[in-house]
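Quick notes on the structure that follows.
Residue numbers (my numbering), protein chains in the order written: chain A, 552 to 1019; chain B, 2 to 189.
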């Protein structure tokens, strides 16, 4: 049903003494137009206990409500407006839900009491930080206002100068504040982290949402953390935002070690695949089959496919649950194909790893792979699922084939920043817990490595069965 | 037969308690084979409580974990495929150094696919919040927008995350067994 064809339905306006049949016409999100039938009318301002109507055979009563004829609207239809619970007619007619405008208030008491167990030192810290951030914001905003009428090129240079001077000092202030913050929360239990994180985000919300990266990690428009747009922001590692302050708030988490680790792992995959290509014993006509599980937009392929010869050497299978991320990967592949005027063999699989595991004989469907890699997937899988996924991936690894999967280490130095400010929670592992995922799998040779920041851990796996 | 099985579990958990009291290491995991019968929920919940109490978890933790077990069995009963008499729900509880892991397995058929897609989205959405309280509030808001023709609230999974203080996940294995797992952090 579309809003352009406003729904009309038969209803009755019911009060203690009257039951008036009407035709109710969807008029706006919170009001209906009323057309009287059978010649029975009512006066402007009349109140009714309820309006009763049928929807798909079900009797629905909403109310109380009032009939109002807007002044100067002689001859036009009057409106019915709800006078206690204000019903959302868009939800009712277009989503089959009975929603009230005030429904957010139902949980008010619960939300207000959620702050009761916040520790005093944390409240003090947050209050001071809120004050400091608002001072910084006002200063940067007033500078922005002073040069706002300059030509664009001049504005850009001025802003860059401010960022490189006062901006970098602000970044150092943020670093110091985060160090203080970590020393406060380090001993908190998981439950306390959750509760205090919620409190911090409520207090700093306006500062958080002005920064594009922080806004996205918090709002999660695709309903999960670490989507391809967030990844692109991390890779770009640039200043983004509508103001100088917003740009700085955007850039700060992107310079943090965990984000650097993400950039490092992308480079590492490029290096590994290039190295694998050089050392692969496959004949010249045989392509190297590579699977990227939870591939995202597969930006790393830019670092791998650097010539027409590279493009001819690989056959990629890109698997992701997010169709939009796969579309971005398709665009990237098309750009590389255009650049080198060649075709790249790529299969795209839009599937969730959690349900993929049900597919019997996956090797018959997807084939077997020389190399499998997965970054940014195992950080979200609990042990039972992680074990099932890695074992399944191992099953489709060719004898002699290799696999590398990433997982943030339990000592991730950006952990609290990510959890509290970015609302970004990962499943962290120790080296042993990571190795244990393939424990008992015969022929799997495993080892652990780290990238330069030491935050991101890699499990390297080799299928030691010899090639046929 | 079922009564005898129940008695054995009672004896086992009592024995575990006694062994722990005298410092003898005890089994850190337990498995229940659950008949697809709504009356089984309470029984397994009680047996789980005994097992967890034998490991001296706090009352709060025991309550949270046993609530999770009930919710997951209920989920299994709702969406499981029990056309074959041998099809059952299997519940395991594993106690490790940092976590307690609860896994509930049940067979599913092709008809469960829409449920699995919903489950996948729901679990990722819940786990997108640092504080499951936020997911709980959001879900309550959704539930207050009372669906007119749909009775599924989805509040059970959010309760597991929020009240159960646990991380939810799932996968479907090759033999069409749905494995819903919950990892609960042991607070020290």
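Backbone N, C-alpha and C define an ideal beta-carbon position, used for all residues, glycine too.
- Per DSSP, the beta bridge partners of residue 960 of chain A are A:980.
- Looking at the backbone, the Cα of residue 756 of chain A and that of residue 88 of chain B are separated by about 50 Å.
- Legend: CB atoms of the stretch 112-139 of chain B lying less than 9 Å from CB atoms of chain A belong to residues 114, 117, 118, 120, 121, 122, 124, 125, 126, 128, 129, 130, 131, 132, 133, 134, 135, 137, 138.
- Here residue 899 of chain A has 869, 877 as same chain residues with Cβ atoms under 6 Å from its own Cβ, once five neighbours each way along the sequence are excluded.
- For residue 707 of chain A, the nearest beta carbon of chain B is not closer than 8 Å to its own beta carbon.
- With a cutoff of 8 Å on beta-carbon distance, residue 1017 of chain A and residue 957 of chain A are scored as not near each other.
- Residue 767 of chain A sits in a helix when the DSSP states are folded into three classes.
- When CB distances to chain B are screened at a threshold of 8 Å, the residues of the stretch 919-940 of chain A falling below it are 931, 932, 933, 934, 935, 936, 939, 940, in chain order.
- Taking the Cα positions, residue 133 of chain B is about 21 Å away from residue 961 of chain A.
- For residue 872 of chain A, the secondary structure class from DSSP, reduced to helix, strand or coil, is coil.
- The beta-carbon of residue 92 of chain B is placed no less than 8 Å from the nearest beta-carbon of chain A.
- Collapsing the DSSP output to three states places residue 775 of chain A in coil.
- Residue burial annotation: residue 613 of chain A is buried, with at least 16 other C-beta atoms found within 10 angstroms of its C-beta.
- Below the 8 Å Cβ cutoff, chain A contributes 905, 932, 933, 935, 936 as neighbours of residue 170 of chain B, in chain order.
- Around residue 825 of chain A, the same chain offers 855 as residues with beta carbons nearer than 7 Å, after the five sequence neighbours per side are excluded.
- A:938 is the residue among A:938, A:973, A:761 whose C-alpha sits nearest the C-alpha of residue 986 of chain A.
- By the rule that beta-carbons nearer than 8 Å mark a contact, residue 180 of chain B touches chain A.
- Sequence-distant Cβ neighbours of residue 601 of chain A in its own chain, meaning closer than 6 Å and more than five residues away, are 565, 612, 614.
- Look at the stretch 955-982 of chain A: the residues with a C-beta under 8 Å from a C-beta of chain B are 970, 971, 974, 975, 976, 978.
- Fewer than three beta-carbon pairs drawn from the stretch 780-794 of chain A and the stretch 985-1003 of chain A are found closer than 8 Å, and the two stretches are therefore not classed as touching.
- The count of Cβ pairs closer than 8 Å, one atom from the stretch 729-737 of chain A and one from the stretch 963-972 of chain A, reaches three, so the stretches are in contact.
- The C-alpha of residue 163 of chain B lies about 29 Å from the C-alpha of residue 807 of chain A.
- Chain A places no beta carbon closer than 8 Å to that of residue 62 of chain B, leaving this residue out of the contacts.
- At a cut-off of 8 Å, the C-beta of residue 49 of chain B has no neighbouring C-beta in chain A.
- Contacts with chain B (Cβ-Cβ distance below 8 Å) from the stretch 725-737 of chain A involve no residue at all.
- Nearest neighbour of residue 871 of chain A by Cα position, chosen from A:865, A:862, A:881, A:864, turns out to be A:881.
- Residue 904 of chain A sits close to residue 845 of chain A, with the two beta carbons spaced by under 8 Å.
- Annotated three-state conformation of residue 929 of chain A is helix, per DSSP.
- Within the stretch 649-669 of chain A, 649, 650, 651, 654, 655, 657, 658, 661, 662, 665 place their CB atoms closer than 8 Å to a CB of chain B, listed in sequence order.
- Residue ranges of uninterrupted beta strand (DSSP E) with 3 or more members, entirely inside the stretch 602-628 of chain A and ordered along the chain, are 609-613, 616-619.
- Interface with chain B (8 Å Cβ-Cβ cutoff): residue 748 of chain A is included.
- Within the stretch 43-111 of chain B, the runs of beta strand (DSSP E) that reach at least 3 residues and sit entirely inside it are, in chain order, 90-96, 100-108.
- Not one beta carbon of chain B lies nearer than 8 Å to the beta carbon of residue 779 of chain A.
- One thing to note: residue 115 of chain B has its Cβ no nearer than 8 Å to the Cβ of residue 81 of chain B.
- CA-to-CA, the gap between residue 791 of chain A and residue 886 of chain A works out to about 25 Å.
- Secondary structure at residue 597 of chain A: coil, using DSSP grouped into helix, strand and coil.
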